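Working notes, beginning with the structure itself.
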Ligand SMILES: [Zn+2]
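Numbering (my numbering), first residue to last: 88 to 174.
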């Protein structure tokens with residue numbers, strides 16, 4: 088059984104990887120637009136990478152979905168742990 092990532096700040100298991108200024112090869116991107124009747128305009132959740140051949144993610148960082156704190160180091164350590172565990 089693999090253990091989920093756990094946010095050191097709030098204990099949440101959900102996180103997002105945010106990529107900024109990256110080279111993404113053959114990527115498929117998606118941006119969702121939701122109509123907001125109160126504001127009378129579309130709101131966008133931003134662009135999402137659905138798939139890619141490779142991502143140079145030196146400019147990437149991980150953000151907790153719950154408390155929105157930077158959890159890059161914890162995620163990196165978690166992924167390393169997963170890789171060594173599956174090897
Ligand atoms: Zn958190």
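Where a beta carbon is used, it is the ideal one built from N, C-alpha and C, also for glycine. All of these numbers come straight from a predicted model, not from anything done at the bench.
With distances taken from each beta carbon to the nearest heavy atom of ligand 1, which residues come in below 5 Å, in chain order?
After applying the 5 Å Cβ criterion, the set is 94, 96, 97, 99, 151, 153, 154.
With a threshold of 8 Å, are at least 3 pairs of Cβ atoms found where one atom belongs to the segment 90-108 and the other to the segment 156-165?
Enough Cβ pairs lie closer than 8 Å, so yes.
Taking the beta strand (DSSP E) that residue 158 belongs to, which residues open and close that run?
That residue, residue 158, is in no beta strand (DSSP E); it is neither H nor E in DSSP.
Got a sec? Which residues, its chain only, sit under 8 Å from residue 95 by beta carbon, not counting five neighbours each side?
Contacts found: 158, 161.
Between residue 134 and residue 116, is the Cβ-Cβ spacing less than 7 Å?
Yes, these two residues count as a Cβ contact at 7 Å.
Which of the three DSSP states is assigned to residue 125 in this structure?
Residue state, collapsed to three classes: coil.
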